[in-house]
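Asker: The numbers in the numbering used here rise by one with no breaks, and the one at position 113 of the sequence shown is 115.
For glycine and all other residues, C-beta sits at the position ideal for the given N, C-alpha and C.
None of the values given here were measured: they were computed from a predicted structure.
Here you go, one structure.
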Amino acid sequence: MSYDLAVWEGRRPATDEIAGDVYQALMELMDQDGETSPTPRISTYVQAVLERWPALEEVDDVDEAPWSVTPEASGSIVYLCMMYSKAEEVSEFAADLAQEHGLVCYDPQMRCLRP
């Protein structure tokens, strides 16, 4: 199991409920479209996240990486899957960074926008 966040481009939804609907639609689109190149803003965001914590494929000891799966970006969304033991630190950083980049961050476990 992992702790997950979704970060996407677009207007920040007015409520957590609307954000959940947007999240579901984007995830369905991501599943349908397969591998779509990430948008420039999402690419920049992912690069910044991976500067802090490298992709699983780039670390010698995967137990030291916070990822359960390397972040997956497609089009205007990136899905971050992190280990529970590092979720608090990583999710806080990822949410703050998303806000700095003008992106929306949604927590599907808590069904709420972050921060």
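According to DSSP, simplified to helix, strand and coil, what is residue 37?
Answerer: coil
Asker: List the whole-angstrom C-beta distance separating residue 78 from residue 30, where the pair is believed to meet the contact cut-off of C-beta under 8 Å.
Answerer: Their Cβ separation, rounded to whole angstroms, is 14 Å, which puts residue 78 and residue 30 out of contact at 8 Å.
Asker: At 3 residues or longer, and completely inside the segment 35-98: list those beta strand (DSSP E) runs for me, N to C.
Answerer: 69-76 and 79-84
Asker: Which residues does DSSP pair with residue 25 in a beta bridge?
Answerer: Note: residue 25 sits in no beta bridge, so no partner.
Asker: Taking just the CA atoms, how far does residue 116 sit from residue 107?
Answerer: 5 Å
Asker: Do three or more CB pairs link the segment 70-90 to the segment 28-43 at distances below 8 Å?
Answerer: yes
Asker: Would you tell me roughly how many angstroms separate the C-alpha atoms of residue 33 and residue 62, rounded to the nearest one?
Answerer: 30 Å
Asker: I need the straight-line Cα distance from residue 20 to residue 50, nearest angstrom please.
Answerer: Whole-angstrom Cα-Cα distance: 27 Å.
Asker: Can you tell me where the beta strand (DSSP E) with residue 7 in it begins and where it stops?
Answerer: If you look at residue 7, you'll find it in the beta strand (DSSP E) that goes 5-10.
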